[in-house]
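**Q**
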Amino acid sequence: MANTGIALFVILLVAVSIFSLYSVHLLLKTANEGGSLVYEQLGYKAFGMPGKLAASISITMQNIGAMSSYLYIVKYELPIVIQAFMGATNGEWYANGDYLVILVSVVIILPLSLLRNLGYLGYTSGFSLLCMVFFLIVVIYKKFQIPCPFIPNMDVILNETVSKVLNNTVGFLNTTAVVYNEDVCTPKYFVFNSQTVYAVPILTFAFVCHPAVLPMYEELKDRSRRKMQGVANVSFLAMFIMYLLAALFGYLTFNVNVEPELLHTYSKVYKSDVILLIVRLAVLTAVTLTVPVVLFPIRTSVNQLLCASKEFSWIRHTIITVVLLASTNCLVIFVPTIRDIFGFIGASAAAMLIFILPSAFYIKLVKKEPMKSVQKIGASIFLCSGFFVMIGSLTLITLDWINNASQASNGH
1 MANTGIALFV ILLVAVSIFS LYSVHLLLKT ANEGGSLVYE QLGYKAFGMP
51 GKLAASISIT MQNIGAMSSY LYIVKYELPI VIQAFMGATN GEWYANGDYL
101 VILVSVVIIL PLSLLRNLGY LGYTSGFSLL CMVFFLIVVI YKKFQIPCPF
151 IPNMDVILNE TVSKVLNNTV GFLNTTAVVY NEDVCTPKYF VFNSQTVYAV
201 PILTFAFVCH PAVLPMYEEL KDRSRRKMQG VANVSFLAMF IMYLLAALFG
251 YLTFNVNVEP ELLHTYSKVY KSDVILLIVR LAVLTAVTLT VPVVLFPIRT
301 SVNQLLCASK EFSWIRHTII TVVLLASTNC LVIFVPTIRD IFGFIGASAA
351 AMLIFILPSA FYIKLVKKEP MKSVQKIGAS IFLCSGFFVM IGSLTLITLD
401 WINNASQASN GH
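The following block contains the structure:
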């Protein structure tokens with residue numbers, strides 16, 4: 001929101017959520033007509049092996065992006081938790097995010113990922129949702145506690161000089177800040193800068209759940225397309241509200257100072273806050289337990305592509321798991337920000353899963369509707385929009401990376 005403004009963000013959020021729901025509608029109708037409730041199998045029925053590969057690669061990339069986002073949270077938030085409990089500084093190895101993400105991956109995530117069945121899946125999903133709601137409540141609550149411009153290490157200052165700071169907040173800000181500018185605290189409705197290009201890909205990434213829609217549809221009691229569409233509508237509405245409130249109150253709290261990882265931004269204000277510490281612990285637990293759940297379908301997809309006819313092998317199972325986890329760790333350690341991963345995967349894999357593949361499958365597999373029908377014309381426009389979003393976003397993101405690289409080289 002800091003890179004789009006409030007109004008533009010809401011417009012984009014509404015548009016992406018509506019497009020995502022329309023995509024679910026196309027997918028459900030195609031599944032009924034195509035006779036398959038497996039995303040990759042729909043790709044095979046529509047376009048043969050290229051269609052299956054396109055679906056499989058897109059799902060794998062999307063899930064790797066999700067795994068990376070969870071491990072980024074571990075990288076950024078676990079050092080803050082350790083510093084709060086042990087009083088460690090950034091110089092200690094056990095307060096280094098890169099070391100910690102490797103340690104958590106090896107000690108906790110890898111053993112869980114090696115299990116053949118994930119029986120705790122339902123508990124993890126429920127716990128993650130509760131953590132998100134708790135985090136949202138804290139974001140809203142902290143908006144009314146943190147002044148603007150915010151005071152660095154506010155909890156330390158309050159502990160030392162409570163009455164003085166409370167009575168002279170404005171004077172304190174004017175004397176300690178480098179520059180006091182009222183514009184910093186004025187929310188903007190439309191913002192256009194080099195980072196605005198990431199908005200659509202990131203929102204697209206955030207709304208992708210389409211590979212999970214068909215398995216859920218299959219498990220639904222007395223299933224019907226209308227009932228599953230109703231489930232999707234409620235779920236997307238809940239996501240829309242939570243994304244909007246988290247972005248809005250996070251932006252109103254920090255304005256231009258908000259970071260790509262919102263929870264980490266609070267560390268600028270509070271060195272040790274009990275509520276935020278509880279949030280961090282809950283979120284860290286949730287994301288750590290969720291990584292094996294996300295890795296599971298990636299490994300299954302790789303197995304299906306490479307070794308579909310072979311029997312289960314623990315050696316192959318372990319090698320695929322280790323390679324996937326190690327690759328994701330490398331992404332998290334070497335890619336500068338979570339925004340870059342969200343942007344690239346949102347512009348490529350997420351655009352494929354929301355825009356391109358569902359509309360292409362629909363056009364190819366739903367035979368009873370002619371190409372001149374309103375439904376097929378709508379799907380064709382949606383398909384073209386998907387290519388426009390993907391090519392346009394990837395081009396702009398690549399140009400931004402090139403520009404940043406040239407600026408960095410000139411700076412040296």
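Here the sequence shown is numbered in UniProt numbering, starting from 1 and rising by one per residue.
Cβ atoms here follow ideal geometry from the backbone N, Cα and C, with glycine treated the same way.
(1) Helix or strand or just coil, what does DSSP make of Cys307?
(2) Since Ile391 contacts Gly343 with CB under 8 Å, what's their CB separation in whole angstroms?
(3) Tell me which residue opens and which closes the alpha helix (DSSP H) that Pro370 is part of.
(4) Start and end of the alpha helix (DSSP H) containing Leu331?
(5) Mind checking which residues open and close the alpha helix (DSSP H) that includes Ala46?
(6) Does the separation of the CB atoms of Leu289 and Leu324 fall below 7 Å?
(7) I'd like the span of the alpha helix (DSSP H) that includes Thr4, first residue to last.
(8) What number of angstroms, rounded off, separates the C-alpha of Ile59 from the C-alpha of Pro147?
(9) Looking at the structure shown, is Gln229 part of a helix, part of a strand, or coil, going by DSSP?
(10) Among Leu306, Ala2, Asn404 and Ile402, which residue has its Cα nearest to the Cα of Thr196?
(11) So Arg316 packs on Cys307, CB below 8 Å; how close in whole Å?
(12) Secondary structure at Thr398, three-state DSSP: helix, strand or coil?
(13) Lys368 to Lys188, Cα distance in whole Å?
(14) With DSSP as the reference, label Tyr22 as helix, strand or coil.
(15) If I'm right that Ser56 touches Glu40 with Cβ under 8 Å, what's the distance once you round it to whole angstroms?
(16) Skipping 5 residues on each side, what residues in its chain have a beta carbon closer than 6 Å to that of Ala232?
(17) Less than 7 Å between C-beta atoms, sequence neighbours within five positions excluded: which residues of the same chain meet that for Ile102?
(18) Where does Leu281 sit, in a helix, a strand or coil, going by DSSP?
(19) Quick check: what's the CA-CA separation for Leu114 versus Ile108?
(20) For Val165, which three-state DSSP category applies?
(21) Please list, in chain order, all residues of the same chain as Asn193 whose beta carbon is under 8 Å from its beta carbon, the five residues on each side excluded.
(22) Please report how far the alpha carbon of Ile65 lies from the alpha carbon of Gly230, in whole angstroms.
(23) Count the other C-beta atoms from every protein chain shown that fall within 10 angstroms of the C-beta of Ala84, then say buried if there are 16 or more, exposed otherwise.
(24) Take every Cβ of the stretch 275-286, pair it with every Cβ of the stretch 61-77, and state whether three or more of those distances are shorter than 8 Å.
(25) With Ile137 and Val287 assumed to form a contact (beta carbons below 8 Å), what rounded beta-carbon distance in angstroms separates them?
(26) What three-state label does DSSP hand Ser224 in the structure shown?
(27) Mapping the DSSP letters down to three states, classify Leu219 as helix, strand or coil.
(28) Could you have a look at Pro187 and say whether DSSP puts it in helix, strand or coil?
(29) Counting Cβ pairs closer than 8 Å, one from the stretch 358-366 and one from the stretch 27-38, do we hit at least three?
(30) Just to confirm before moving on: does the CB-CB distance between Val208 and Ala360 stay below 7 Å?
(31) Any chance you could list the alpha helix (DSSP H) runs of at least 4 consecutive residues sitting entirely within the stretch 91-151, in chain order?
(32) Distance, Cα to Cα, Ser313 vs Val291?
(33) When DSSP labels each residue in this structure, what does Gln195 get in the three-state scheme?
(34) Can you tell me the Cα-Cα spacing of Tyr141 and Asn403, whole angstroms?
**A** The relevant details are as follows:
(1) In the sequence shown, counting from the first residue as 1, residue 307 sits at position 307. DSSP places Cys307 in helix when its eight states are reduced to three.
(2) Numbered from its first residue, the sequence shown carries residue 391 at position 391. Numbered from its first residue, the sequence shown carries residue 343 at position 343. With a Cβ gap of about 14 Å, Ile391 and Gly343 do not count as contacting.
(3) Sequence index remark: in the sequence shown, residue 370 carries index 370 (1-based). Counting along the chain, no alpha helix (DSSP H) covers Pro370, and no H or E run does either.
(4) Position 331 of the sequence shown, counted from the start, is the residue given in the question as residue 331. Per DSSP, Leu331 is one residue of the alpha helix (DSSP H) stretching across Trp314 to Phe334.
(5) Within the sequence shown, the letter at position 46 stands for residue 46. Counting along the chain, the alpha helix (DSSP H) containing Ala46 begins and ends at Tyr39 to Phe47.
(6) Numbered from its first residue, the sequence shown carries residue 289 at position 289. Numbered from its first residue, the sequence shown carries residue 324 at position 324. No.
(7) In the sequence shown, residue 4 corresponds to position 4, counting from 1. Neither: Thr4 is in no alpha helix (DSSP H) and is coded neither H nor E.
(8) If you number the sequence shown from 1, residue 59 lands on position 59. If you number the sequence shown from 1, residue 147 lands on position 147. In a straight line, the C-alpha of Ile59 is about 42 Å away from that of Pro147.
(9) Here the question's residue 229 lines up with position 229 in the sequence shown. The answer is helix: DSSP assigns Gln229 an H, G or I state.
(10) As a position in the sequence shown, residue 196 is number 196, starting the count at 1. Out of Leu306, Ala2, Asn404 and Ile402, Ala2 has the C-alpha closest to the C-alpha of Thr196.
(11) In the sequence shown, the residue the question calls residue 316 occupies position 316. In the sequence shown, the residue the question calls residue 307 occupies position 307. Right, their Cβ atoms sit about 6 Å apart.
(12) Along the sequence shown, read from residue 1 onward, the residue named residue 398 stands at position 398. Correct three-state label for Thr398: helix.
(13) Numbered from its first residue, the sequence shown carries residue 368 at position 368. Numbered from its first residue, the sequence shown carries residue 188 at position 188. Rounded to the nearest angstrom, the two C-alpha atoms are 49 Å apart.
(14) Numbered from its first residue, the sequence shown carries residue 22 at position 22. Here Tyr22 sits in helix by DSSP.
(15) Working through the sequence shown from its first residue, we reach residue 56 at position 56. Working through the sequence shown from its first residue, we reach residue 40 at position 40. Confirmed, Cβ separation roughly 5 Å.
(16) Taking the first residue of the sequence shown as 1, we reach residue 232 at position 232. Within the same chain, Ala232 has close Cβ partners Val24.
(17) Mapped onto the sequence shown, residue 102 falls at position 102. Once the five neighbours on either side are set aside, the close Cβ partners of Ile102 are Asn329.
(18) Along the sequence shown, one-based indexing puts residue 281 at 281. Leu281: helix per DSSP, three-state reduction.
(19) Along the sequence shown, one-based indexing puts residue 114 at 114. Along the sequence shown, one-based indexing puts residue 108 at 108. Approximately 11 Å between the Cα atoms of the pair.
(20) As a position in the sequence shown, residue 165 is number 165, starting the count at 1. Confidence at Val165 is low in this model, with a pLDDT of 41, below 50, so its placement is unreliable and no value can be given for it.
(21) What you label residue 193 is simply residue 193 of the sequence shown in a count that begins at 1. Cβ within range, chain order: Asn3.
(22) What you label residue 65 is simply residue 65 of the sequence shown in a count that begins at 1. What you label residue 230 is simply residue 230 of the sequence shown in a count that begins at 1. A quick correction: the sequence has Gly, not Ile, at residue 65. Cα to Cα, Gly65 sits roughly 28 Å from Gly230.
(23) As a position in the sequence shown, residue 84 is number 84, starting the count at 1. It counts as buried.
(24) Three or more beta-carbon pairs drawn from the stretch 275-286 and the stretch 61-77 are found closer than 8 Å, and the two stretches are therefore classed as touching.
(25) The count along the sequence shown starts at 1 and reaches residue 137 at position 137. The count along the sequence shown starts at 1 and reaches residue 287 at position 287. Incorrect: roughly 18 Å between the Cβ atoms, too far for contact.
(26) The sequence position of residue 224 within the sequence shown is 224, counting from 1. Ser224: coil per DSSP, three-state reduction.
(27) Numbered from 1 along the sequence shown, position 219 holds the residue referred to as residue 219. Inspection of the sequence shows that residue 219 is occupied by Glu rather than by Leu. The answer is helix: DSSP assigns Glu219 an H, G or I state.
(28) In the sequence shown, counting from the first residue as 1, residue 187 sits at position 187. Three-state result, Pro187: coil.
(29) As far as the Cβ criterion goes, the stretch 358-366 touches the stretch 27-38, which means the pair count is three or higher.
(30) Taking the sequence shown and counting its residues from 1, the one referred to as residue 208 is at position 208. Taking the sequence shown and counting its residues from 1, the one referred to as residue 360 is at position 360. For Val208 and Ala360, no; Cβs fall outside 7 Å.
(31) 97-104, 110-113 and 121-143
(32) In the sequence shown, the residue the question calls residue 313 occupies position 313. In the sequence shown, the residue the question calls residue 291 occupies position 291. Taking the straight line joining both Cα atoms gives about 22 Å.
(33) Locating residue 195 in the sequence shown gives position 195, where the first residue counts as 1. It is coil, neither helix nor strand.
(34) Along the sequence shown, read from residue 1 onward, the residue named residue 141 stands at position 141. Along the sequence shown, read from residue 1 onward, the residue named residue 403 stands at position 403. Approximately 38 Å between the Cα atoms of the pair.
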